[in-house]
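Line order of the protein sequences matches chains A and B.
Sequential numbering of the first sequence, starting at 1, is according to this note's numbering.
Sequential numbering of the second sequence, starting at 1001, is according to this note's numbering.
For reference, the structure discussed in these notes is given below.
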Amino acid sequence: MLQAQLCNISKRFGTVEAVRNVSIDIFPGEILAIVGPSGCGKTTLLQIMAGLEKLDTGSFSVAGRLLSVAETGVFVPPEKRGIAMVFQNYALWPHYDVFGNIAYPLRMKRYSRKEQKKVVGGLLEVVRLQGLESRYPHELSGGEQQRVALARALALNPPLLLLDESLSNLDANLRKEMQEEIKRIQRELDLTIIHVTHDQQEAMCISDRIAIMNQGRLVQVGAAEEVYRFPRTEFAASFIGSSNLIRQPKDNPAEMNLWEMASQRMVAGGPEGAKILAVRSEDIKLNGGTGPVTGQIVGRSYHGSVIDYQLRFKDRVLKVQTTADKRYDPGQEVGFTIERVTSVCAD
Amino acid sequence: MQEPRNYYYLLRLVALAAVAVLLATIIYPLVVLILYSLGMSFNGISISGLAYQQTLTDVKTISSIYNTFYVAGGVSVLAIILGGGLAWMLTRTDLPWKGLIRWLVFLAFIIPSYIMAVSWIELLGRNGYVNRWLYNTWHWLEQPIDIYNLEGIILVMTIHMFPLVFLTLCSALRMNDMSLEKAARLSGAGPLKTMLTVSLPLILPSILSIGLLVFQHTMACFGVAAVIGLPTGNYILTTRIYSALNQLDLPVATASSIVLLLCSGVVFLAYNWSLRKKKYINVSSHSQPPEVHSLGKWRIPVVIIVLATLSVTTVVPLGTIVISSFLKQWGMDLNMASLTLENYRAIFANDGLGLRAIRNSIIFGIAAASVASIIGVIVAWIANRTSVKGRKLMEFTATWPVAVPGTVLAVAAILAWINPPLKLYGTPWILVITYIAACLPFAVRSVSGPLQGIDLSLEHSARIAGASPGRAFWDISLPVITPNIRNGWIMSFLLVLREIPISILLYTTGFETIGVLLFNMRSDTGGLETVSAIAVIVIVITLIGNLLIEKVGKSRME
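So this is what it looks like as structure tokens:
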């Protein structure tokens, strides 16, 4: 049984095709992250699910209930969908206090004051904000606002929770903490979550599966590790993590040598007949001055546990990542080998 | 976004109500005015095509057009010099006592122009304090200073308008990004070169647009021009229309109204155009605080000059009005024996004209401000939150009257409502309808901007939480813009309270307003002390109203 289903969804604004023929199945109790650069259509897709935009083609259903169907004109307005959403700016109402914000969905369902208190109390416990009922949004920190928005979204036990870049307004430490919180709450309440973000790191650590979008199209869906180890396209390879792309050579000597080196190390599992090879930066190994193939270090940036190098090989500059104990200086000639290669499709 | 069906019925009903009000108060009267002036017979009255020829060859009208531009131009230039200079000193120099100066300017800002004119007459009129003092003390000729001329109008209107220039240019000067000036200095320009090549060009669009606004406001002024210009036959267009109506010369009044409407409309369009142009060079929000020039040893002399100027323009007229309001008889010498509370007592005496006028003005003010505020919210909501066809045109229409001088609104109302079956002339309804038209732009503008500023996600999240579109607006956006609605209401109420031309041209006996009382009493002999007392009451109410207008900051929205 699917928790939600997006089926051949397209949406166009004037001449811009924001979403092109996207289909995704969402399973109960999973966190699906939709990632992509800004303008890739991920927010439009979310708005379509929430009922804030209509779709041009396809259909969307939650728990077997059809909410939007282009062909038959079925359209359930947002207030009748029961889907919850946390907005990027949290969209807390400035004139309601914390209780008023969280209790609003309950008021709309005509819960009694007593029931409202009970439910809100439970939710505040879940998001760990007990005692802040009568604060106003402007009296809360960014993280607390985020928790209030989450509690409000959870008020009516939504079959599907949408998070729209909800963590991107927080600073790095707080974001990490909220990612853990969301995962904890998701486990506690057995929620199904669709999390839209442009941050691939966040997508990988928060989600069970990742859907990569680019220019309105769905590029790849899969578990984080699968998407990382076997990117399907050029875009997926370079958007998730950092990859060196090697095209089938024509007359370029650097490409020629690289292609030869790389194709020996190709692992199975990539798409058949692909014309492009992807090498993760950590899959290039540097080994001092020895080795049959050498390049010159032209750039170095230190990241604590790892170091990123730029390695010139003929007229190509390769991205290489090593552990922090391997130190080379710019200008130094080093030997390198390629360890693991996957093939990817052109975009 | 999809809306449920019952929502559509509600939307249609509310939209129809708003359209009906706009139609009755704005569109219908102005259309009648234009049709009538084009020689079409309407509502049983008609005007011959000769009206324009007659009007435009009439010496009085021609000179009134010339005078209008002379006065408006003079006021614009002087108000920019006075207001702009003051704004520069307050934002860019270390002038002391800035708080006091700001407060004095604010005082000048809220004194109604007509009352300002009366106080200047009390000072500089034939029997005014200054002239009497000059005559008695120095044995100068009688009336060495004459205020009853166009320059007198310019003087009073400049004092009335410069605070607006000051406030606008203060914020424009503060908005200017200092890094731009610093960059000019680092590029080798001296302070003067920097000012001429960077600072001034950056603020020039603001000066231009505020100048156009002052120009348009001055063209539309009636009370000041009437009280100062009429006694000596110095007409501007508004007073020319008034005197034509007094002589029951409808064709000339209509044709002059159209001329005034066209001039005012063109200036107003230019003003709007200049505002849009200004956005283009709007500076970044990461601007640094302005650099403050030190006045050095000039600090004290400059502040004395500034305070003296503001005292002469604001404190002295205000004091004159207040003192006159306590005088037994206008013209008496100032001593304890000639002071009395009788003037106030007379105003509030039972079934006196004063009390009736104040009561009428308050009732009309509450009615017009309330209707305008409700319609304003509806219009702003339709324009910004629905997908109704013509919603932007609707909002635009509601803001028309700001470009239409009150005198012209009154003439249009007379033509529209003078004959059966739509005969409202002679009833208080014509007053209320025209007041609503005059208030609508303020009501719409005070709401529309803030509504646009509310992030749509606030209403979207209410929808997702289970609220219908109407409910989401009611629960979320309406409470957030309530302070703005209240401010718009207060502005509208004060407008009605202080309004002169519409009241004068449309009132009927029994429904006099404060404006009528102020205007008519002046011409009665010995009315100045009572006028002063009423003026003091109006100033007090205005002061309270303006203090109630809350600065709606963005802090609550974030």
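The beta-carbon is built from N, C-alpha and C at its ideal position, and this holds for glycine as well.
Keep in mind that this is a model prediction, so the values were computed, not measured.
Would you say B:Ile-1481 lies against chain A (beta-carbon separation less than 8 angstroms)?
Locating residue 1481 of chain B in the second sequence gives position 481, counting from the first residue. No, no contact with chain A.
Would you tell me roughly how many angstroms separate the C-alpha atoms of B:Val-1292 and B:Ala-1087, rounded to the nearest one?
Against the second sequence, residue 1292 of chain B aligns to sequence position 292. Against the second sequence, residue 1087 of chain B aligns to sequence position 87. The straight-line gap from Cα to Cα measures roughly 13 angstroms.
Residue range of the alpha helix (DSSP H) that A:Gln-186 falls in?
Numbered from its first residue, the first sequence carries residue 186 of chain A at position 186. Looking at the DSSP string, the run of the alpha helix (DSSP H) that includes A:Gln-186 is 172 to 189.
Go through its chain and collect everything with a Cβ distance to B:Leu-1123's Cβ below 6 angstroms, but skip five positions before and after it.
Translated into positions along the second sequence, residue 1123 of chain B becomes position 123. Hits under 6 angstroms: Tyr-1129, Val-1130, Thr-1320.
Residue burial classification, A:Met-189 (beta-carbon count within 10 angstroms, cutoff 16)
The sequence position of residue 189 of chain A within the first sequence is 189, counting from 1. Residue 189 of chain A is actually Leu in this sequence, not Met. That one is exposed.
Compare the C-beta of A:Pro-159 against all C-beta atoms of chain B and say whether one is closer than 8 angstroms.
On the first sequence, position 159 is the one that residue 159 of chain A refers to. Not an interface residue.
Using a C-beta to C-beta distance shorter than 9 angstroms, which residues of chain B count as neighbours of A:Arg-152?
Position 152 of the first sequence, counted from the start, is the residue given in the question as residue 152 of chain A. Correct list: Ser-1461, Ala-1465.
Thinking C-beta only, is A:Asp-308 closer than 8 angstroms to A:Gln-296?
Mapped onto the first sequence, residue 296 of chain A falls at position 296. Mapped onto the first sequence, residue 308 of chain A falls at position 308. No. Outside cutoff.
With 16 other Cβ atoms within 10 Å as the buried cut-off, status of B:Leu-1016:
Position 16 of the second sequence, counted from the start, is the residue given in the question as residue 1016 of chain B. Exposed is the call here.
My guess is that B:Thr-1068 and B:Leu-1237 are in contact by the Cβ rule of under 8 angstroms, so how many angstroms apart are they, rounded?
In the second sequence, counting from the first residue as 1, residue 1068 of chain B sits at position 68. In the second sequence, counting from the first residue as 1, residue 1237 of chain B sits at position 237. About 5 angstroms; that satisfies the 8 angstroms criterion.
Where does A:Cys-345 sit, in a helix, a strand or coil, going by DSSP?
Against the first sequence, residue 345 of chain A aligns to sequence position 345. Three-state result, A:Cys-345: strand.
Please classify B:Asn-1272: does DSSP put it in a helix, a strand, or coil?
Residue mapping note: residue 1272 of chain B aligns to position 272 of the second sequence, counting from 1. B:Asn-1272 falls in the helix class under three-state DSSP.
A:Gly-143: first and last residue of the uninterrupted alpha helix (DSSP H) it sits in
Residue numbering aside, residue 143 of chain A sits at position 143 when the first sequence is read from its first letter. Residues 142 to 154.
For A:Asn-358, return the contacting residues in chain B, with the cut-off set at a CB-CB distance below 7 angstroms.
Only positions 1 to 347 of chain A appear in the structure, and residue 358 of chain A is not among them; the question remains open.
Can you tell me whether DSSP reads B:Gly-1453 as helix, strand or coil?
Taking the first residue of the second sequence as position 1, residue 1453 of chain B is located at position 453. Reduced to three states, the DSSP call for B:Gly-1453 is helix.
Listed from N- to C-terminal order along the chain, which residues in the segment 1431 to 1459 of chain B have their beta-carbon within a distance smaller than 7 angstroms of any beta-carbon of chain A?
Asp-1455, Ser-1457, Leu-1458
Would you mind telling me which residues of chain B sit closer than 9 angstroms to A:Ala-237, beta carbon to beta carbon, in chain order?
Numbered from 1 along the first sequence, position 237 holds the residue referred to as residue 237 of chain A. By Cβ distance, chain B contributes nothing, its closest Cβ being about 34 angstroms from A:Ala-237, past 9 angstroms.
At 4 residues or longer, what runs of the alpha helix (DSSP H) sit wholly inside the segment 194 to 258 of chain A?
200 to 206, 224 to 229, 234 to 239
With DSSP as the reference, please indicate the residues paired to A:Gln-264 in a beta bridge.
In the first sequence, counting from the first residue as 1, residue 264 of chain A sits at position 264. Its beta-bridge partners do not exist; DSSP assigns none.
Would you give the residue range spanned by the beta strand (DSSP E) that B:Asn-1246 belongs to?
Start at 1 with the first residue of the second sequence, and residue 1246 of chain B comes out as number 246. No beta strand (DSSP E) contains B:Asn-1246, which is instead part of the alpha helix (DSSP H) from 1237 to 1246.
Report yes if the CB atom of A:Ile-212 is closer than 8 angstroms to the CB atom of A:Val-227, and no otherwise.
Here residue 212 of chain A refers to the residue found at position 212 when the first sequence is read from its first residue. Here residue 227 of chain A refers to the residue found at position 227 when the first sequence is read from its first residue. Yes, these two residues count as a Cβ contact at 8 angstroms.
Taking Cβ positions only, does B:Ile-1485 come closer than 8 angstroms to chain A?
Looking up residue 1485 of chain B in the second sequence gives position 485. No, B:Ile-1485 lies away from the interface with chain A (no Cβ there is under 8 angstroms from its Cβ).
In DSSP terms, what A:Glu-333 is bridged to
Taking the first sequence and counting its residues from 1, the one referred to as residue 333 of chain A is at position 333. A:Gln-296, per the DSSP bridge assignment.
Hey, quick one: how far does the alpha helix (DSSP H) through B:Gly-1470 stretch, first residue to last?
Working through the second sequence from its first residue, we reach residue 1470 of chain B at position 470. That run of the alpha helix (DSSP H) goes 1469 to 1472.
Under three-state DSSP, which class holds A:Gly-58?
Within the first sequence, the letter at position 58 stands for residue 58 of chain A. Residue state, collapsed to three classes: strand.
Contact criterion: CB-CB distance below 8 angstroms. Does B:Ser-1468 meet it with respect to chain A?
Counted from its first residue, the second sequence places residue 1468 of chain B at position 468. So yes, B:Ser-1468 belongs to the interface.
Measuring only the C-alpha atoms, how far is A:Gly-349 from A:Arg-128?
The first residue shown for chain A is 1 and the last is 347, placing residue 349 of chain A beyond what the model contains.
Name, please, each residue of chain B whose Cβ falls closer than 9 angstroms to the Cβ of A:Glu-79.
For the purposes of this step, residue 79 of chain A is identified with residue 79 of the first sequence, where counting begins at 1. Those within 9 angstroms of A:Glu-79 in chain B are Pro-1004, Ala-1462, Arg-1463, Ile-1464, Ala-1465, Gly-1466, Ala-1467, Ser-1468, Pro-1469, Arg-1471, Ala-1472.
According to DSSP, what are the bridge partners of A:Lys-11?
Taking the first residue of the first sequence as position 1, residue 11 of chain A is located at position 11. Note: A:Lys-11 sits in a beta bridge opposite A:Val-19.
With distances taken between CB atoms, is the gap from B:Gly-1376 to B:Leu-1440 smaller than 8 angstroms?
For the purposes of this step, residue 1376 of chain B is taken as the residue at position 376 of the second sequence. For the purposes of this step, residue 1440 of chain B is taken as the residue at position 440 of the second sequence. It is a contact, given that the beta carbons lie within the stated cut-off.
With which residues is A:Ser-68 paired in a DSSP beta bridge?
Start at 1 with the first residue of the first sequence, and residue 68 of chain A comes out as number 68. Bridge partners of A:Ser-68: A:Phe-60, A:Phe-75.
Quick one: residues in its chain with C-beta nearer than 8 angstroms to the C-beta of A:Val-120, no 5 flanking neighbours on either side, listed in chain order?
Numbered from its first residue, the first sequence carries residue 120 of chain A at position 120. Excluding residues within five positions, the ones whose Cβ falls inside 8 angstroms are Phe-99, Ile-102, Ala-103, Leu-106, Glu-133, Ala-151, Ala-155.
Kindly indicate if chain A contains any beta-carbon less than 8 angstroms away from that of B:Ile-1347.
Taking the second sequence and counting its residues from 1, one reaches residue 1347 of chain B at position 347. Closer than 8 angstroms: no.
Which of the three DSSP states is assigned to B:His-1293 in this structure?
Within the second sequence, numbered from 1, the residue matching residue 1293 of chain B stands at position 293. Three-state DSSP puts B:His-1293 in a strand.
What are the partner residues of A:Arg-110, as DSSP defines its beta bridges?
Along the first sequence, read from residue 1 onward, the residue named residue 110 of chain A stands at position 110. Paired residue(s): none; A:Arg-110 is not in a bridge.
Mind listing the chain B neighbours of A:His-95? Cutoff is C-beta to C-beta under 7 angstroms, in chain order.
The residue given as residue 95 of chain A occupies position 95 in the first sequence. Per Cβ cutoff of 7 angstroms: Pro-1479, Val-1480.
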